[in-house]
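Below is one structure, written out as structure tokens, with a few remarks after it.
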Amino acid sequence: MTVPVDRNAALLEAGLALSSELSLPAVLQRIVDLAAGITRARYCALGVIGPDGLIQEFVPHGVTSEQRHAIGPPPVGKGLLGLLISDARPYRIPDISKDPRSVGFPPNHPPMRSFLGAPVKAYGRVFGNIYLTEKRGAEEFGQEDEDALVILATQAGVAVENARLYAESRRRELRLEAVREVSTAILSGADAERVLQLVVDRARELVEGDFAALATVSEEDPGTFVQRVAVGAHARALSAVPFPAEGSISGAVVESGQPVTLIDASADDRTAQPLVAAGLFGPAMLVPLRAGVDGTLMVARELRGRTFAEDDLALLETFAAQAAVALEHERVQRDLHRLAIVADRERIAKDLHDGAIQALFAVGMGLQATATVSGDPQVERRVAQSVEEIDRVIRDLRNYIFGLRPGVLADRQLDQALRRIAEDAEESTGLVVATDIDPQVASLLSAHAADVVQLVREALSNVGRHANASTCRVSLRRGDGMAVLEIDDDGGGFDPDEAAGRGSGLVNMRARAESLGGRMAIASSPEDGTRITFDLPL
Amino acid sequence: MFVRAVAEIDASFREVEDGLLRDPAEWVPGLAAGADDRGERLLAEVGFGGTAFRMDKRVEVRLSEPVRFPAKVVLPLSWRATGAPGLFPALDGDLELAPLGPARTQLSLSANYRPPLGKLGGVADRALLHRVAEGTVRDFVDRVAEGLLRRVSVSSEV
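Heads up: the protein sequence lines correspond to chains A and B, in order. Sequence positions in the first sequence follow this note's numbering and run 106 to 643. Sequence positions in the second sequence follow this note's numbering and run 60 to 217.
This is the structure:
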């Protein structure tokens, strides 16, 4: 190959530009300018093709910006420009207009006659083309021009490949960084919502999606998905919609465990998926979460957007696996928290046993001994009442500590337990206590049996201590869809407002009833005694 | 009302604890039969007195899950008379084992009992029923201690 000295200098400069310029557009522009200068071409242009084989980047020389604007969109690689790619070798053509492979020029295009083109390639791969037109001072381009252009085209190829490798390296670096960022968030104990937000954000950014979301199967309704996080275009509208597993892509993905890639989501018939029903998205990917978590991570591009590549899918699967780990981590944390509560209760229970019960037991034994030696029947009776009270407190504590239900319930149904409490009240107070218990209603209240027992016990205790009554009735029946529990007596009555300020018994009963979703009402008069009514939901 | 009885067993805490927690049938005195197929409720004879004069009553004994403390183990226990209670109280308490040394263990039963005969029982208790309760609990603890020691001895021979 014979190249003039000035050409050698120019080619050397092109080589230096490769090593000194980091920006690919700047390198390509320099190569185009040099090519035009070396070959004395009026016009020169370089096109870089994308994954679809069409020219994606176009770097011209010799055409003003006004001319470019007038011409319109740059060429995509048809005719002679396409030939340089499909048949990757140099072409020299004296007159473009006479070549049958030419597709002509668009309106407002400057006239061009002579043509010299070469593929831009390196390492055996074609990255685009470079071409010259309108040789100054000659009818057509010569062999020396072609030799110089081939060298420049090769340098351009190297530049493009380097830039691609750099971009790929940078992309991988960003992906690794994102994966590391999510892993750090999980390991640092960030709450699941924050991790999921991070996963969805990064997934959308790194696969260059317009919309991304993560949906999981609802804990309350396993047939329904809820979108935990949604970001990007139309995210607000799409995130608010729970959707059924049946008839949705997420449902199919979870069931099969396989990812789904769509070229046009708007054309899919699984319209239960909000992404599909919106009709706003084209290419889409949905991948299953793993590690036993039912859900999907999805990314989509708007209509007519670029289709996703294979490595986009692989990245999305990586993020999905991380999201699953975050959700599993959250579940384990919840379990640990529950265990901690159980352990704490165990500790409290043991403290109560070793402390409170032992102390109360000692007090009870001491009081019993006091009663025995007092010799005064009145003192003896009062001490006995105190001992019974301590006895009751110890029973309640033991029931709590040993995880038993209230003692009276230990081997009984609620209706039996209420009758037993009534019998106990008769024994301990001398009252006549009648019971009228509907076993069906009692059965329906069994989940709250311990609370119902406490309500009745407290109410009867009040009657025994304060009402000065001779008879009392405990009834449980159904009324207006509620369970109606009543304790009424024929005592002297009391002023509920005044009584509420004296002690915590009535307050506790009201609070207990309200904690069950019910309410307490008191009717009391000196003539009619007292009636406490609890309306409890069934 | 409260009652407490204590006995000492000449065996290590670990051995006695092992016996207490394994099979109640091996140490519940006067065991008649299991009241349910899970073995949590047992029919047993409790009472007091010696060989010349002894009063017994069949009761349903109910055992709950044991609770381990750093230096003791507690087995919640209750009994109720089957049929007419007579003089025998219903009782809820803790059967408790604690080490007294490397080869000695304390067994105690601290219990709350409900005197029979209702209101009358409450009054009569101070004269008679408390003695019945004390005697019954004392007898029960002694016999449990014997049962546990017997079991430890049999295990050692094996």
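Even for Gly, the Cβ is constructed at its ideal location relative to N, Cα and C.
Chain-order list of residues whose beta-carbon lies under 7 Å from that of residue i (same chain, five-residue window excluded)
i: V334/A; result: L301, Q302, V305, A318, L319
i: L421/A; result: A308, V312, M390, V392, L402, V404
i: A383/A; result: H339, L343
i: L457/A; result: L502, I506
i: A70/B; result: A162, T164, L208, V211
Reduced DSSP secondary structure (H/G/I, E/B, other) of residue i
i: Q521/A; result: helix
i: E104/B; result: strand
i: E76/B; result: helix
i: V62/B; result: strand
i: V203/B; result: helix
i: G262/A; result: helix
i: P482/A; result: helix
i: Y505/A; result: helix
i: S207/A; result: coil
i: V284/A; result: helix
i: F639/A; result: strand
i: R97/B; result: Confidence is the limiting factor: at R97/B the pLDDT is only 38, short of 50, which leaves the residue's position unreliable and the question unanswerable from this model.
i: A223/A; result: strand
i: G184/A; result: helix
i: E239/A; result: strand
i: M217/A; result: coil
i: Y172/B; result: strand
i: G598/A; result: coil
i: D633/A; result: coil
i: V87/B; result: coil
i: L254/A; result: helix
i: G384/A; result: coil
Residues near residue i in its chain [Cβ-Cβ closer than 6 Å; skip 5 each side]
i: I354/A; result: V365, R375, Q378, L391
i: V346/A; result: P379
i: Y148/A; result: G167, T238, E239
i: G152/A; result: I160, F163, G233, N234
i: V126/B; result: V133
i: N644/A; result: Outside the displayed span of chain A (106 to 643) sits residue 644/A, for which this structure offers no information.
i: R583/A; result: V546
i: E74/B; result: V211
i: C577/A; result: L536, V538, V568, D594
Burial state of residue i, where buried means 16 or more other Cβ atoms lie within 10 Å
i: E504/A; result: The sequence shown places Asn at residue 504/A, not Glu. Counting Cβ neighbours within 10 Å, N504/A comes out buried, since at least 16 surround it.
i: S128/A; result: exposed
i: A405/A; result: buried
i: V488/A; result: buried
i: D585/A; result: exposed
i: V437/A; result: exposed
i: E282/A; result: exposed
i: L79/B; result: buried
i: G294/A; result: exposed
i: L643/A; result: exposed
i: E76/B; result: buried
i: L121/A; result: exposed
i: P388/A; result: buried
i: L117/A; result: exposed
i: P224/A; result: buried
i: D157/A; result: exposed
i: R81/B; result: exposed
i: F386/A; result: buried
Below-9 Å beta-carbon distance, residue i vs any chain C residue
i: H553/A; result: Absent from the structure is chain C; the protein chains it does hold are A and B.
Beta-carbon proximity list for residue i, same chain, < 8 Å, skipping 5 on both sides
i: L159/A; result: V181, G182
i: L186/A; result: G152, I160, P180, G222, N234, Y236
i: G184/A; result: R206, S207, V208, G209
i: S629/A; result: G598, F599, D600, P601, T635, R636
>> In chain order, what are the residue ranges of uninterrupted beta strand (DSSP E) at least 3 long that sit wholly in the region 386-463 of chain A?
In response: 386-393, 400-407
>> In chain order, what are the residue ranges of uninterrupted beta strand (DSSP E) at least 3 long that sit wholly in the region 123-170 of chain A?
In response: 146-154, 160-166
> If you pair each beta-carbon of the region 186-201 of chain B with each one of the region 153-172 of chain B, do three or more pairs fall below 8 Å?
Replying inline: yes
>> Just to confirm the assignment: which complete beta strand (DSSP E) runs, minimum length 3, are found wholly within the region 135-168 of chain B?
In response: 149-160
> Quick one: any contact between the region 140-160 of chain A and the region 249-257 of chain A, if contact means 3 or more CB pairs under 8 Å?
Replying inline: yes
> What residue ranges within the region 289-345 of chain A form continuous beta strand (DSSP E) runs of no fewer than 3 residues, ordered along the chain?
Replying inline: 316-322, 329-337
> Curious, which full-length beta strand (DSSP E) runs of at least 3 residues does the region 346-380 of chain A contain?
Replying inline: 365-367
> At which residue ranges does the region 528-581 of chain A contain complete beta strand (DSSP E) runs of 3 or more residues, listed in the order of the chain?
Replying inline: 537-542
> If we count Cβ pairs, one from each stretch, closer than 8 Å, do we get three or more for the region 490-499 of chain A versus the region 157-166 of chain B?
Replying inline: no
>> Below 8 Å, how does it come out for the region 473-485 of chain A and the region 447-464 of chain A: are there three or more Cβ pairs, yes or no?
In response: no
> Are the region 409-421 of chain A and the region 441-448 of chain A in contact at 8 Å, needing three or more beta carbon pairs?
Replying inline: no
> Do the region 552-562 of chain A and the region 614-628 of chain A meet, that is, are 3 or more Cβ pairs less than 8 Å apart?
Replying inline: yes
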